[in-house]
Structure formats: structure tokens, C-alpha cells
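Let me begin by presenting the structure, written as C-alpha cells, before commenting on it.
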Amino acid sequence: MQTISFYPGPSKVYPETVAFFADAHKHQVLSSNHRSPEFVEISRSAIQALKEKLGIPQEYWVFYTSSATECWEIIAQSLIDQGSKHIYNGAFGGKWSDYTARINAGKRITQAYPFPIQEVMSAQKIKAQSSLATDTFCLTHNETSNGSTLPAECLPELRRLFPQSLIAVDATSSMAGVSLPYQSVDVLFASVQKCFGLPAGMALMVCSPRAIAKAQALNRQHHYNSLAFMIDKMQDWQTTYTPNVLNIYLLMRVMEMVPPIQEVEARLLRRLARYEQSIEPLKNFGLTLLIADKRHRSKTVIAVKGESKIIQQVKAAARQKGIILGNGYGKWKEQTFRIANFPAINDQEVDRLIQFLEEDLPKIL
Ligand SMILES: *Cc1c(COP(=O)(O)O)cnc(C)c1O
Numbered sequence: 018m019q020t021i022s023f024y025p026g027p028s029k030v031y032p033e034t035v036a037f038f039a040d041a042h043k044h045q046v047l048s049s050n051h052r053s054p055e056f057v058e059i060s061r062s063a064i065q066a067l068k069e070k071l072g073i074p075q076e077y078w079v080f081y082t083s084s085a086t087e088c089w090e091i092i093a094q095s096l097i098d099q100g101s102k103h104i105y106n107g108a109f110g111g112k113w114s115d116y117t118a119r120i121n122a123g124k125r126i127t128q129a130y131p132f133p134i135q136e137v138m139s140a141q142k143i144k145a146q147s148s149l150a151t152d153t154f155c156l157t158h159n160e161t162s163n164g165s166t167l168p169a170e171c172l173p174e175l176r177r178l179f180p181q182s183l184i185a186v187d188a189t190s191s192m193a194g195v196s197l198p199y200q201s202v203d204v205l206f207a208s209v210q211k212c213f214g215l216p217a218g219m220a221l222m223v224c225s226p227r228a229i230a231k232a233q234a235l236n237r238q239h240h241y242n243s244l245a246f247m248i249d250k251m252q253d254w255q256t257t258y259t260p261n262v263l264n265i266y267l268l269m270r271v272m273e274m275v276p277p278i279q280e281v282e283a284r285l286l287r288r289l290a291r292y293e294q295s296i297e298p299l300k301n302f303g304l305t306l307l308i309a310d311k312r313h314r315s316k317t318v319i320a321v322k323g324e325s326k327i328i329q330q331v332k333a334a335a336r337q338k339g340i341i342l343g344n345g346y347g348k349w350k351e352q353t354f355r356i357a358n359f360p361a362i363n364d365q366e367v368d369r370l371i372q373f374l375e376e377d378l379p380k381i382l
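Dropping the structure here:
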């Protein structure tokens with residue numbers, strides 16, 4: 018019996034990547050020089066396919082980085098002018114805030130605005146909290162640690178209320194899974210081991226023309242990954258260091274393969290509805306969705322909470338059936354399990370998990 022992983026990162030990679038890897042080997046991509054015309058063509062095509070499939074505006078720039086964590090660092094070093102404000106309700110947003118505070122200590126102000134997980138965030142609330150001149154807002158679009166997301170209107174509304182500020186968004190577990198309001202944000206990034214269905218070790222950072230202009234105006238040049246340097250290289254579709262050429266190739270092939278994001282999202286929403294339906298009766302065993310309000314419940318990461326003993330039992334029973342559920346994360350480590358609702362997971366695999374939730378679990382608990 019083949020085990021199925023519903024772990025929300027690193028998560029299931031598209032099975033097609035195996036054949037793509039073989040193609041990469043055959044076409045000598047693996048040993049190609051990252052300044053060669055062959056690499057430039059792959060890089061250009063990957064970014065082109067990414068923009069087309071995800072609906073990223075043509076005038077936006079895309080950069081390759083090593084991880085979402087590196088993107089936090091780049092933003093702190095290259096884009097925050099006077100101060101940043103971090104709005105978050107979970108572990109990833111919190112870490113981003115902490116790293117920024119340490120990197121920018123003594124140079125720039127870092128304001129943390131943590132909020133409770135059952136609260137639905139809004140641009141108006143952020144405005145009411147904004148006393149000091151913040152030039153960069155940092156938000157986590159999809160908080161992988163607890164299965165919450167920003168309500169749909171939050172980012173467009175924030176753009177309207179703060180037309181001059183930079184809006185930076187960590188969309189690591191939602192980019193390539195759901196459509197995102199690129200027009201309303203300046204920096205949006207994600208590592209590829211979640212909704213992209215690619216092997217870990219790379220991230221993508223999308224920047225608006227305004228973000229590019231700000232990086233160039235600040236022109237900070239202290240790091241290998243200073244955005245000013247990255248812009249220079251990306252004029253020719255290149256990077257400041259030897260990049261993950263294989264993953265860039267796989268990104269190109271996967272982006273050429275997948276349907277447009279609206280179709281991907283519609284499919285994930287149908288699955289989400291099925292999961293919600295099969296989890297509902299589990300309330301008899303004290304298992305409920307961690308995020309109660311649908312308006313800010315994630316579409317790509319489902320967190321189910323319960324007594325830690327029951328959570329242990331569920332995970333063990335699933336493992337017996339060849340199903341790997343995601344552990345809880347951070348504060349919710351013991352009292353939740355998580356299900357990745359990512360595009361690379363196929364319908365048969367979803368069917369198996371639904372069957373487990375509906376038929377097997379009630380017998381075990
Ligand atoms: C997984 C994750 C990260 C960390 O990604 P790395 O690639 O390990 O840096 C950051 N933010 C969010 C929201 C995540 O889900």
C-alpha cells in the first residue's frame with residue numbers, strides 16, 4: 018500500500034516531476050551554466066508560464082530565492098525604509114515579525130500587531146492600529162500553522178486606505194492554489210514545496226513596479242541578496258548566485274502543465290466543501306475545524322482541533338491506513354492535525370481520506 022501525504026509542506030510533489038527530471042537530464046539542463054543562453058531561456062519561459070497561469074500582471078517582476086524565509090530577510094534589508102508593521106495570528110507571521118525586528122534593530126522600527134485566531138482581520142482595523150508612519154505592511158495571506166487566511170477584501174481595501182505604503186504578503190501555502198490579488202500588493206512570495214507541488218529548496222518573490230522603484234531608490238547593497246543586485250541580474254533573467262536550476266526547470270514544466278488558477282481554485286473549493294462536510298459529524302468526538310468563521314478559513318490548509326489524546330489517535334489510525342496527516346504546528350502542535358488541500362494531491366487520494374474520515378474514524382473513536 019502506497020502512503021499518501023497530506024502534510025502541508027513539504028508536501029506531495031506532482032508525480033510528473035519524475036519524467037521532467039529525466040528530460041532535464043537528457044537535455045543537459047542539470048549541468049547547464051546559469052549565465053548560458055540555455056538557462057536564460059528556461060528562466061524566461063518559467064516566469065512567463067507562471068505569470069500566465071497565475072494571472073500575475075505582466076509589469077510585475079519575479080525573482081528566484083532559496084526559501085520564503087529568505088524573502089523575509091530580503092524585505093527587511095532591501096525594502097523597509099522607516100518601519101514595518103506585521104499583522105499576524107500565527108507562527109509564520111510571528112517568525113517573520115521577529116526576524117525583521119532583529120535584522121532591523123537600531124535601524125528601523127518593527128511593529129508587531131498580533132491578533133487572536135478567531136478574529137476576522139480587516140483593513141479598517143489595521144488602519145485604526147496604525148499610529149506611526151509605517152511604510153511597509155507585512156501580512157501572511159495563509160497562516161499554515163492554524164489554517165486561517167485573510168478575508169478576500171482585506172488586501173484590496175488596505176491598498177485603497179494606504180495607497181503609498183508597500184504591502185508585502187507571505188502566500189507560501191496559497192500561491193498556485195488560489196487566485197491572489199496581485200494588483201493590490203507590492204511583494205508576494207511563496208516557497209515551492211507547498212501549493213506548487215515541487216521539491217523544496219526554492220521560492221518565488223513577485224514584485225510590483227512600485228517595489229522595484231523603492232528598492233532602487235533605497236539602493237541598499239550590503240548583501241548578496243540585496244534586491245538592487247537581484248534586479249540588475251533579473252534584467253537578463255538571471256540571479257546573483259547559482260540558482261536551483263533543476264527546480265526552475267521543473268517550475269517551467271509544471272506551470273506549462275497546470276490549468277489556469279481559476280480552475281485550480283475551483284477544484285480545491287469543491288474538495289474543501291467535501292472535507293468540511295465529512296468533518297462536521299466528528300464534533301461528536303470533540304473534533305472541529307480550528308477556524309470557526311468561514312470568512313477567514315483557509316482554502317488550502319485545513320486545521321482540525323480536538324483533545325490531544327484524540328488527535329494522537331486520529332493520526333495513528335490514519336497512518337495504519339497509509340494516510341499521513343500533518344501534525345499541528347507551533348502553539349497548536351498537540352491539539353490539531355492538518356490536511357493539505359494542495360493541487361498536486363489527486364482525486365483518488367482525496368477520496369481515500371474522505372472515506373477514512375467518514376467511515377473508519379467513527380469506528381475507531
Ligand atoms: C512553510 C512556510 C514558510 C517557510 O518556508 P521556507 O521555504 O521553509 O522558508 C513561511 N511562511 C509560511 C506561511 C509557510 O507556510
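Read in order, the letters of the sequence shown correspond to residues 18 to 382 in my numbering.
We put the CB at the ideal spot given by N, CA and C, even for glycine.
Problem - N- and C-terminal bounds of the beta strand (DSSP E) containing residue 355 - result: 353-357
Handout entry: Check: residue 117 C-beta below 7 Å from any heavy atom of ligand 1
Key = no
Problem - Proximity to residue 353 [Cα-Cα], best of 379, 364, 323 - result: 323
Practice task
Return the CA-CA distance between residue 333 and residue 100, expressed in angstroms with no decimal places.
Solution key: 46 Å
Practice task
Please confirm if the region 160-174 is in contact with the region 249-259, defined as three or more CB-CB distances below 8 Å between the two stretches.
Solution key: no
Exercise for the section: Look at the alpha carbon of residue 297 and the alpha carbon of residue 375, and state the distance between them as a whole number of angstroms. Expected result: 10 Å
Practice task
Figure out for me which residue from 224, 346, 268, 310 has the closest Cα to the Cα of residue 38.
Solution key: 268
Problem - Simplified DSSP assignment, three categories, for residue 70 - result: helix
Exercise for the section: Check the DSSP bridge columns for residue 103 and list the partner residues they point to. Expected result: 129, 155
Practice task
Please confirm whether residue 123 and residue 359 have their CB atoms less than 8 Å apart.
Solution key: no
Exercise for the section: Note down, one range per segment and in chain order, each alpha helix (DSSP H) of at least 4 residues found wholly within the region 238-289. Expected result: 244-251, 262-274
Practice task
Run the proximity test for residue 132: is its beta-carbon closer than 7 Å to any non-hydrogen atom belonging to ligand 1?
Solution key: no
Handout entry: Sequence ranges, beta strand (DSSP E) only - wholly within the region 166-228, length at least 3
Key = 183-187, 204-208, 220-224
Problem - contact_flag[the region 70-83, the region 188-203] where n(CB pairs < 8 Å) is 3 or more - result: yes
Exercise for the section: Return yes when the C-beta of residue 196 is under 7 Å from any heavy atom of ligand 1, and no when it is not. Expected result: no
Practice task
For residue 295, name the three-state secondary structure that DSSP assigns.
Solution key: helix
Exercise for the section: Apply the 10 Å Cβ neighbour rule to residue 275 and answer buried if 16 or more other Cβ atoms are within range, or exposed otherwise. Expected result: buried
Practice task
Consult DSSP for residue 344 and reduce its assignment to one of helix, strand or coil.
Solution key: strand
Handout entry: C-beta atoms of residue 265 and residue 23 nearer than 8 Å
Key = no
Handout entry: Chain-order list of residues whose beta-carbon lies under 6 Å from that of residue 382 (same chain, five-residue window excluded)
Key = 302
Handout entry: Three-way DSSP call (helix, strand, coil) for residue 312 in this model
Key = helix
Problem - The alpha helix (DSSP H) enclosing residue 93, as first and last residue numbers - result: 85-95
Problem - Of the listed residues 167, 182, 326, 133, nearest to residue 151 (C-alpha basis) - result: 182
Problem - Opposing strand residues paired with residue 160 [DSSP bridges] - result: 165
Handout entry: Nearest neighbour of residue 132, chosen from 119, 141, 105 [CA to CA]
Key = 105
Exercise for the section: Would you give the residue range spanned by the beta strand (DSSP E) that residue 82 belongs to? Expected result: 78-82
Handout entry: Under 8 Å between C-beta atoms of residue 91 and residue 244
Key = yes
Exercise for the section: May I ask you to check if the CB of residue 211 is nearer than 7 Å to at least one heavy atom of ligand 1? Expected result: yes
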